[in-house]
Amino acid sequence: MSETTAQTEIRSPTDPESPPFLQIRNITKRFGAFVAVDNVSLDIHQGELFCLLGGSGSGKSTLLRMLSGFETPSSGQILIAGKDQAGVPPYKRDTNMMFQSYALFPHMTVEKNIAYGLKREGVPRAEIATRVTDMLSLVKLNGFAARKPNQLSGGQRQRVALARSLIKRPKLLLLDEPLGALDKKLREETQFELIKIQETLGVTFVVVTHDQEEAMTLSTRMGVMADGKLVQVGAPHEIYEYPRSRFVAEFIGSVNIFEGRIEQDGEDHAVIGSPDAGMGIYLSHGITGTLGQEVAVAVRPEKIRIGKSPMEDLPNTTQGTVDEVAYMGNLSVFHVRLETGKIISVSQSNLVRSPEDAITWGDRVTLGWDGAASVVVPS
Amino acid sequence: MTPSSLFLRITAWLGFLFLYAPIASLVIFSFNESKLVTVWGGFSTKWYGALFRDPQILAAGWISLKIGFFSATIAVVIGTLAAYVLSRFSRFRGRTWLSGAIAAPLVMPDVIIGLSLLLLFVAMEHLFGWPQGRGILTIVIAHATFGAAYVAVVAQSRLVGMDLSLEEAAEDLGAHPVRVFFDITLPVIAPALVSGWLLAFTLSLDDLVIASFVTGPGASTLPMVIFSKVRLGVSPDVNALATLVIGIVSIGILVAASNLHRAARDKEDAAPSHRTNEDMS
Ligand SMILES: Nc1ncnc2c1ncn2[C@@H]1O[C@H](COP(=O)(O)OP(=O)(O)O)[C@@H](O)[C@H]1O
Ligand SMILES: [Mg+2]
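In order, the protein sequence lines correspond to chains G and C.
According to the working numbering, the first sequence holds residues 473 to 851 in order.
According to the working numbering, the second sequence holds residues 5 to 285 in order.
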């Protein structure tokens, strides 16, 4: 596609000065008494690849269906390019959607499926033909034009669905679990293809997924949904490194949680007394909260060092016994039981093939982490 | 072979014999040379020849085919619309009433349907002057009403099994809902509609009771002619005629059934796909 080649640096942070392309304002959707989407507000800028991440039933699809016009919000407002979408039916919206089930028309060939949107738009036949051919090569399906959907593999169907939803050059593409039906390996390959296509076309993507790794890989920014609420929005590393709630910390990646109370809170440090950890956890930064307040400290497994010798350089150290070792190839995960009975999971990269002093089941070990390794979240 | 499976086989064969022996004997005797129905006088197709020279039978056959064709076609249109409304608009006033009304002709005795339609036609003629008298038109209307019930049942099962996101996808790509119906919904349920049409056609060809109620002078269908001939005694040409009707009806039912079977096999394309991620969280 020629007009899009100019755009190169789309994945860099978007210009916060420009008005958001998609504005979701206090959107709520009720089904009877059940609140499926609860007062969600969200701004998405042109060219973003935004992921909505949440467990099954958290309201992701419902939010997406309100953007495409298939559900009417119970309250709130949706603006696309500044235009209020209230009362605009799906067939008049400038959005396109890729469906979870792909929804390929079974009685049409691949070519007819992809061309359908242009036909309805009244595009001249010659132009349809060239645009469909372009699209087929973009999704690497040349030679499959004459096939029917039931003659395609899962991965090929997925690409037809993507091509069909992109053919009208929508400003906003909504994708509901676009890779959900693919097997793990194919899914990982396709993730990068999806990013590449999004970058070449410069279309704004809103992707719904329940897979946190997928959300991390794909998105420029993501939003975590739970029970219809948008609990945190941010870049993948922000969500991972600075979760603002215990839910987000636990939902994204694995984490060790220590319950405790704020014991000291200074300008440049804080201490959380944790009976769980059997010690005061030292943080190299101040926190917001009152002394004595109950909080939780979240430490990621890869941020904890494990070893057999003492670690004087680290402010937080504790001892335990190795309960379990899981070898995962690139890294090993240790479950270490502290004296308090708390089990901590620690991961370590396997830098050496067969280290001589390898830590194994039953070993007494020291665990340690830095003052900046942990995050304090409301309990 | 164990005794019990032998027993099962014998019962099955007896069952088939019970069902099909009368039909088989009818078919065999339609090729009988002799005029006597009970005596085999050698193979002959002369009764078929006689059939095609009998103007009364030819006229009745033509009428029956016309009635079958038009009533089945009308039944498909009405039945499809009813099924679409019932399966796509979940809540509207009179929904229960409509679904009940659609299913009623399936269980209502033919005599009641025939009688009530006759009374309706008489009343309508009295009030609006239409339909004038009774004949082919009234039979077509009568057959269309109960044919529509069968079409609606067949079409509805296909519509309910269809993935709704197919229709949404078309609308999302810019097609007005009316357009979606013709571009997507109709082609997807088409196999069911073909089956429905054949079913309605066959039922119309087969019907004696309802047609007898609502017919008028000059509109005798094939079943009526057969029935009146038989009352004067069974003659071999009736056997030949019945054999032809059986042939047409069996072909119709076979095509409808294999069509539905094929549709069921293709259905996985149009039905919601099984998601692999439903078991998480
Ligand atoms: N049309 C509907 N009628 C009633 N409840 C619905 C409807 N659509 C979705 N829901 C409910 O809303 C909740 C959120 O659904 P959904 O948005 O599909 O979740 P997700 O896509 O995050 O898995 C679910 O509990 C679901 O049962
Ligand atoms: Mg969903």
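For glycine and all other residues, C-beta sits at the position ideal for the given N, C-alpha and C.
Asked                                                                                                                                                                   : Found
Nearest CA to the CA of Ile516 (chain G): which residue from G:Pro491, G:Asn568 and G:Arg537?                                                                           : G:Pro491
At a cut-off of 7 angstroms, would you count Lys532 (chain G) as near ligand 2, judging by its Cβ distance to the nearest heavy atom?                                   : yes
Please confirm whether any heavy atom of ligand 1 lies closer than 7 angstroms to the CB of Phe93 (chain C).                                                            : no
What would DSSP say about Gly104 (chain C), mapped onto helix, strand or coil?                                                                                          : helix
What residue does the alpha helix (DSSP H) around Lys657 (chain G) start on, and which one ends it?                                                                     : Lys656 to Leu673
Is there a Cβ of chain G sitting closer than 8 angstroms to that of Arg92 (chain C), yes or no?                                                                         : no
Starting from Asp464 (chain G) and walking both ways along the beta strand (DSSP E), at which residues does that stretch end?                                           : This structure leaves residue 464 (chain G) out entirely; chain G is present only between 473 and 851.
Counting only Cβ pairs nearer than 8 angstroms, list the residues of chain G close to Asp167 (chain C).                                                                 : Ser573 and Ala575
Check for me: the alpha helix (DSSP H) holding Ser232 (chain C) runs from which residue to which?                                                                       : Leu226 to Arg235
Suppose you measure from the CA of Phe11 (chain C) to the CA of Phe20 (chain C); what does that come to, to the nearest Å?                                              : 14 angstroms
Quick one: list the residues of chain C neighbouring Pro562 (chain G), beta-carbon separation under 8 angstroms, in chain order.                                        : Glu172, Glu175 and Asp176
Is the shortest distance between the beta-carbon of Ala179 (chain C) and the beta-carbons of chain G less than 8 angstroms?                                             : yes
Is Ile252 (chain C) close to chain G? Criterion is C-beta to C-beta, closer than 8 angstroms.                                                                           : no
Along chain G, which residues have their Cβ under 7 angstroms away from the Cβ of Ile188 (chain C)?                                                                     : Phe577
Determine the chain G residues that contact Pro1 (chain C) at a beta-carbon separation under 9 angstroms, and present them in chain order.                              : Lying before the first or after the last residue shown, residue 1 (chain C) is absent from chain C, which here runs from 5 to 285.
Is there a C-beta anywhere in chain C that falls below 8 angstroms from the one on Met569 (chain G)?                                                                    : yes
Which residue comes first and which comes last in the beta strand (DSSP E) that contains Arg693 (chain G)?                                                              : Arg693 to Ala698
Quick one: residues in its chain with C-beta nearer than 8 angstroms to the C-beta of Ala261 (chain C), no 5 flanking neighbours on either side, listed in chain order? : Ser199
Could you please tell me which residues of the segment 579–613 of chain G, in chain order, have their CB closer than 7 angstroms to any CB of chain C?                  : His579, Tyr588, Gly589, Arg592 and Glu593
Flag this pair as yes or no: are the beta carbons of Lys643 (chain G) and Asp748 (chain G) separated by less than 8 angstroms?                                          : no
Heavy atom of ligand 1 less than 7 angstroms from the Cβ of Ala179 (chain C), yes or no?                                                                                : no
Say yes only if the C-beta of Asp852 (chain G) is nearer than 7 angstroms to one or more non-hydrogen atoms of ligand 2, and no if none qualify.                        : For residue 852 (chain G) there is no data in the structure shown, the boundaries of chain G being 473 and 851.
For the segment 145–158 of chain C, which residues have a CB atom closer than 7 angstroms to at least one CB atom of chain G, in sequence order?                        : none
Buried or exposed for Glu796 (chain G), going by 16 or more other Cβ atoms inside 10 Å?                                                                                 : exposed
At the level of alpha carbons, what is the spacing between Lys70 (chain C) and Ser48 (chain C)?                                                                         : 30 angstroms
Beta-carbon within less than 6 angstroms of Leu209 (chain C)'s beta-carbon, same chain only, minus the 5 sequence neighbours each way: which residues are those?        : Ser68 and Gly72
Just verifying my parser: in three-state terms, what is the DSSP assignment at Ile482 (chain G)?                                                                        : Bear in mind that the predicted position of Ile482 (chain G) carries a pLDDT of just 44, short of 50, making it unreliable; the figure below should be weighed with that in mind. Coil.
For Val805 (chain G) and Lys780 (chain G), I'd like the C-alpha separation in whole angstroms.                                                                          : 16 angstroms
Would you say the beta carbon of Leu652 (chain G) comes nearer than 7 angstroms to a heavy atom of ligand 1?                                                            : Looking at the sequence itself, residue 652 (chain G) is Gly, so the reference to Leu does not match. No - ligand 1 has no heavy atom lying nearer than 7 angstroms to the Cβ of Gly652 (chain G).
Under 6 angstroms Cβ to Cβ from Ser277 (chain C), same chain only, skipping five residues before and after it: list those, please.                                      : At Ser277 (chain C), the pLDDT of 46 sits below 50, so the modelled position is not reliable; the number obtained from the coordinates is stated separately. For Ser277 (chain C), where only same-chain residues beyond five positions count, there are no Cβ hits under 6 angstroms.
Report back the beta-carbon spacing between Gly178 (chain C) and Gly589 (chain G) to the nearest angstrom; my notes put them in contact at under 8 angstroms.           : 6 angstroms
Among G:Leu610, G:Ala575, G:Thr812 and G:Lys814, whose alpha-carbon lies nearest the alpha-carbon of Asn622 (chain G)?                                                  : G:Ala575
So the candidates are G:Leu613, G:Arg497 and G:Pro650; which of them puts its Cα closest to the Cα of Leu525 (chain G)?                                                 : G:Pro650
Report the residues of the segment 698–722 of chain G with a CB closer than 8 angstroms to any CB of chain C, ordered along the chain.                                  : none
Taking only runs that begin and end inside the segment 532–607 of chain G, name each unbroken alpha helix (DSSP H) of 4 or more residues, in chain order.               : 532–540 and 582–593
Flag Phe150 (chain C) as yes when its Cβ comes closer than 7 angstroms to any non-hydrogen atom of ligand 1, and as no otherwise.                                       : no
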